[in-house]
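A.B. asks:
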Amino acid sequence: MSTHTPQNQDLQRLPRDPARAMQEMMRIVDAMRDVYKRETSILDAQDIKGFLNIQAEKLEKADMYKTRIEELLARKVEMRKLEPSIKKRLENAQADFAELSAKNMQALKRMQRTTTRLGEKIQDVARKSANADRAFSYGMSGKLDSQERKRVSIGVQETA
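Add 142 to a position in the sequence shown, counting from 1, and you land on the number used in my numbering.
1) Could you tell me the distance, in whole angstroms, from the CA atom of residue 270 to the CA atom of residue 283?
2) When the Cα atoms are used, what is the spatial distance from residue 190 to residue 204?
3) I believe residue 202 touches residue 193 by the beta-carbon criterion, under 8 Å. Please report the beta-carbon distance rounded to the nearest angstrom.
4) Compute the beta-carbon to beta-carbon distance between residue 186 and residue 235, rounded to the nearest angstrom, for a pair I have assumed lies under 8 Å.
5) Closer than 7 Å by C-beta to residue 239: which residues in its own chain qualify, once you throw out the five before and the five after it? Chain order, please.
6) Roughly how many whole angstroms lie between the Cα atoms of residue 164 and residue 229?
7) Assuming residue 176 is part of the alpha helix (DSSP H), what are its boundary residues?
8) So the candidates are 166, 156 and 178; which of them puts its Cα closest to the Cα of residue 248?
9) Given that a residue counts as buried once 16 or more other Cβ atoms are within 10 Å of its Cβ, and exposed if not, what is residue 259?
10) So the candidates are 188, 222 and 160; which of them puts its Cα closest to the Cα of residue 251?
11) Relative to the C-alpha of residue 207, which candidate in 196, 226 and 167 has its C-alpha closest?
12) By Cβ distance below 7 Å, which residues in the same chain neighbour residue 211 in space, the five residues on each side in sequence not counted?
13) In chain order, which alpha helix (DSSP H) runs of at least 4 residues are fully inside the stretch 199-264?
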């Protein structure tokens with residue numbers, strides 16, 4: 143879980159030297175790519191516990207990435223003076239990260255569809271099982287009415 147406060151963010155700014163700041167940004171992009179690669183593998187393996195366990199790290203890295211990108215954008219005039227090769231390396235890292243992010247999003251959507259189908263299947267089986275059992279009730283005469291079968295309504299309520 144991310145425990146960053148505004149003071150901690152100020153202490154963790156990018157270096158003042160533009161070249162070192164860009165290198166640090168590339169390190170942060172690599173850290174984000176690593177988390178996304180691991181998360182995508184976890185999703186492909188349908189490991190829900192692993193998925194939940196990696197979320198705090200992902201949130202922390204995403205927060206750091208967002209903060210540092212904003213800082214780079216605020217220093218764009220300064221960053222324009224960097225060697226083109228350094229800027230190109232960051233652009234390539236960003237492009238790789240964007241591609242990995244798209245794959246990760248596909249894996250997330252696939253996991254969501256699988257979870258939805260599983261929930262629907264569980265509901266369907268429970269509904270069929272409940273309706274298959276004979277539900278007896280007393281009729282107007284006070285006698286057991288075995289001819290009437292009652293339908294059972296089943297729903298799922300999800301809470302966080």
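Where is the CB? At the ideal position from N, CA and C, for every residue including glycine. The structure presented is a predicted model; accordingly, all values stated were derived computationally and were not measured.
C.D. replies: So, from the data block:
1) Counting from one through the sequence shown, the residue named residue 270 turns up at place 128. Counting from one through the sequence shown, the residue named residue 283 turns up at place 141. Cα to Cα, residue 270 sits roughly 30 Å from residue 283.
2) In the sequence shown, residue 190 corresponds to position 48, counting from 1. In the sequence shown, residue 204 corresponds to position 62, counting from 1. One C-alpha to the other measures close to 20 Å.
3) In the sequence shown, residue 202 corresponds to position 60, counting from 1. In the sequence shown, residue 193 corresponds to position 51, counting from 1. So it is not a contact: roughly 16 Å between Cβ atoms.
4) Here residue 186 corresponds to residue number 44 of the sequence shown, with the count starting at 1. Here residue 235 corresponds to residue number 93 of the sequence shown, with the count starting at 1. Between residue 235 and residue 186 the Cβ distance is about 23 Å, and since that is not below 8 Å, they are no contact.
5) As a working mapping, residue 239 is identified with position 97 in the sequence shown. Counting only Cβ-Cβ distances below 7 Å, and skipping sequence neighbours, we find 171, 174 and 175.
6) If you number the sequence shown from 1, residue 164 lands on position 22. If you number the sequence shown from 1, residue 229 lands on position 87. The straight-line gap from Cα to Cα measures roughly 8 Å.
7) Start at 1 with the first residue of the sequence shown, and residue 176 comes out as number 34. Taken as a continuous stretch (DSSP letters only), the alpha helix (DSSP H) holding residue 176 covers 160-186.
8) In the sequence shown, the residue the question calls residue 248 occupies position 106. Ranking the options by Cα distance to residue 248, first place goes to 178.
9) By 1-based counting over the sequence shown, the position of residue 259 is 117. It counts as exposed.
10) Along the sequence shown, one-based indexing puts residue 251 at 109. Comparing Cα-Cα distances from residue 251 to each of 188, 222 and 160, the minimum goes to 188.
11) As a first step, residue 207 must be located in the sequence shown, where it is residue number 65. Among 196, 226 and 167, the Cα nearest to that of residue 207 belongs to 167.
12) Looking up residue 211 in the sequence shown gives position 69. None.
13) 218-221
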